[in-house]
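Residue numbers (our numbering), protein chains in the order written: chain A, 1 to 113; chain B, 114 to 221. Working notes, beginning with the structure itself.
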Amino acid sequence: DAGITQSPRHKVTETGTPVTLRCHQTENHRYMYWYRQDPGHGLRLIHYSYGVKDTDKGEVSDGYSVSRSKTEDFLLTLESATSSQTSVYFCAISPVVSNYGYTFGSGTRLTVV
Amino acid sequence: KNEVEQSPQNLTAQEGEFITINCSYSVGISALHWLQQHPGGGIVSLFMLSSGKKKHGRLIATINIQEKHSSLHITASHPRDSAVYICAVRATGNQFYFGTGTSLTVIP
Chain A
1 DAGITQSPRH KVTETGTPVT LRCHQTENHR YMYWYRQDPG HGLRLIHYSY
51 GVKDTDKGEV SDGYSVSRSK TEDFLLTLES ATSSQTSVYF CAISPVVSNY
101 GYTFGSGTRL TVV
Chain B
114 KNEVEQSPQN LTAQEGEFIT INCSYSVGIS ALHWLQQHPG GGIVSLFMLS
164 SGKKKHGRLI ATINIQEKHS SLHITASHPR DSAVYICAVR ATGNQFYFGT
214 GTSLTVIP
């Protein structure tokens with residue numbers, strides 16, 4: 001989507017290895033979110049950020065950490081990947097006040113083997 | 114327990130039909146979102162509602178706060194409307210909850 005980029009788009013990693021996913025925005029939006037999407041569960045919030053160095057946990061935060069050192073970048077880290085973290089990860093952004101809600105990234109498909 | 118329930122889960126319609134997708138939620142909310150996800154995975158935000166009704170082209174979204182219910186309507190449906198439609202709420206405690214989606218197929 002215009003203004004938001006996720007990297008990598010696909011990744012295969014081994015159990016126990018650290019993994020970092022990157023979300024980069026050019027919209028200068030204050031809020032950034034990380035979600036995972038799994039069959040039967042829909043989208044679930046992992047962590048979100050409401051400003052530089054300001055983050056909070058979502059519904060499924062265990063096993064994940066985040067960092068936001070700059071407005072434009074929001075990193076999601078799996079410290080020690082497990083097979084249960086195989087999923088599609090979406091980043092989203094929103095301004096403080098919006099009539100149109102979120103803008104989503106294209107997603108990262110992560111497979112932990 | 115799902116804080117957000119959508120119905121139907123799957124929907125097949127003929128091109129031109131009027132379509133309604135329903136969303137019910139059980140928490141207090143500050144906003145409700147309708148999202149569209151096409152095959153291939155991209156997610157697009159269609160509407161954000163906190164009251165009343167919004168219209169964008171052939172799409173109309175309504176919300177009844179008292180009944181904790183929202184509907185997404187598609188008029189004159191077209192095969193390009195085929196997608197998964199997701200209802201999401203931002204609860205008053207700042208938590209976010211998502212429905213599991215309604216898979217819509219519009220047949221030419």
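All C-beta atoms, glycine included, are put in the ideal place defined by N, C-alpha and C. Computed from a predicted structure; not experimentally measured.
- In this structure, Thr-13/A keeps its C-beta atom at 8 Å or more from the C-beta atom of Ser-83/A.
- Taking a C-beta distance under 8 Å as the contact criterion, Gly-105/A and Phe-211/B do not qualify as a contact pair.
- Residue contact check for Thr-111/A against chain B: no CB pair falls below 8 Å.
- Between Ser-120/B and Lys-181/B, the gap from beta carbon to beta carbon reaches 8 Å or more.
- Using a CB distance below 8 Å, the part of the segment 58 to 90 of chain A facing chain B consists of Gly-58, Glu-59, Val-88, Phe-90, ordered along the chain.
- In the DSSP assignment, Glu-118/B falls within the unbroken beta strand (DSSP E) covering 117 to 120.
- In this chain, Asp-194/B is not harboured by any beta strand (DSSP E), its DSSP state being neither H nor E.
- Around the beta-carbon of Asp-194/B, 16 or more other beta-carbon atoms lie within 10 Å, marking it buried.
- Note: His-182/B is bridge-paired with Ser-137/B, Asn-177/B in the DSSP secondary-structure output.
- Closest by C-alpha distance to Arg-203/B, out of Phe-160/B, Ile-187/B, Ala-196/B, is Phe-160/B.
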